[in-house]
């Protein structure tokens, strides 16, 4: 398993586009990631994180990427004022083709990121599914060393973005009848 020094390394794009699962610095914290349109890679990520009926978060470079994935533009249009940025919004999926992503829950947490390097990566890979780099009940990894302690050789690659202990997870909100509910 490789430790890559930069999210801009072409190897990261190749690995993700070839169905690999890795750990990298997102716009908020370290996340375990896979290409959201790759069903096999998504299943690997969910198995790795022991997630059932608890879908990950989709990060994208733009609303268009989320629409290309299969989310309805009308749901995204209603919340576009919050993006780009570290605000994750739960939206309905209403698309049976996304069951592999939403684990039959009927909704997904989505975010359009505000990080130049990550946007460049997403423009090459498409939207990514991500989940915090930790095991259930543990604190998210602040460093690649901590992520390696959680996942070892279970992931295909790591991207070292330094110590992210100063960063915070995104704010998670849901829109309910024109009201914002902070989760």
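In the working numbering, the protein residues as written are 967 to 1149.
Ideal placement from N, C-alpha and C gives every residue a C-beta, glycine not left out.
Are there 16 or more other CB atoms within 10 angstroms of the CB of residue 1148, so buried, or fewer, so exposed?
-> Flag for residue 1148 reads exposed.
With DSSP run on the structure shown, which of helix, strand or coil describes residue 1094?
-> If DSSP states are grouped into helix, strand and coil, residue 1094 belongs with the strands.
Mind checking residue 1077: buried by the 16 CB within 10 Å criterion, or exposed?
-> buried
Supposed contact pair residue 1053 and residue 1037 - C-beta distance, whole angstroms, cut 8 angstroms = Between residue 1053 and residue 1037 the Cβ distance is about 16 angstroms, and since that is not below 8 angstroms, they are no contact.
Classify residue 1175 as helix, strand or coil using the three-state DSSP reduction.
-> Any property of residue 1175 remains undetermined from this structure, which presents the chain solely from 967 to 1149.
Where does residue 1103 land, buried or exposed, given buried means 16+ other C-beta within 10 angstroms?
-> exposed
Given that a residue counts as buried once 16 or more other Cβ atoms are within 10 Å of its Cβ, and exposed if not, what is residue 1127?
-> Label assigned to residue 1127: buried.
Determine the DSSP secondary structure at residue 1029, reduced to helix, strand or coil.
-> helix
Determine the direct distance from the alpha carbon of residue 1018 to that of residue 991, and round the result to whole angstroms.
-> 24 angstroms
Member of 1022, 1055 and 1027 whose CA lies at the smallest distance from the CA of residue 1070 = 1022
What's the C-alpha gap between residue 969 and residue 1011?
-> 18 angstroms
Give every residue of the same chain whose Cβ lies closer than 7 angstroms to the Cβ of residue 1008, excluding the five residues on either side of it in the sequence, and list them in chain order.
-> 1000, 1002, 1066, 1067 and 1095
Since residue 981 and residue 1119 are thought to touch, with beta carbons under 8 angstroms apart, how far apart are those beta carbons, to the nearest angstrom?
-> The Cβ separation is near 14 angstroms, so there is no contact.
Starting from the C-beta of residue 1100, find all residues in its chain whose C-beta is less than 7 angstroms away, skip the five residues before and the five after it, and write them out in chain order.
-> 1106, 1107 and 1116
Rounded C-alpha distance that separates residue 1062 from residue 1135 = Rounded to the nearest angstrom, the gap between the Cα atoms of residue 1062 and residue 1135 is 29 angstroms.
Quick one, are the C-beta atoms of residue 1074 and residue 1031 less than 9 angstroms apart?
-> no
Could you tell me if residue 1027 is buried or exposed, where buried requires 16 or more neighbouring beta carbons within 10 angstroms of its beta carbon?
-> buried
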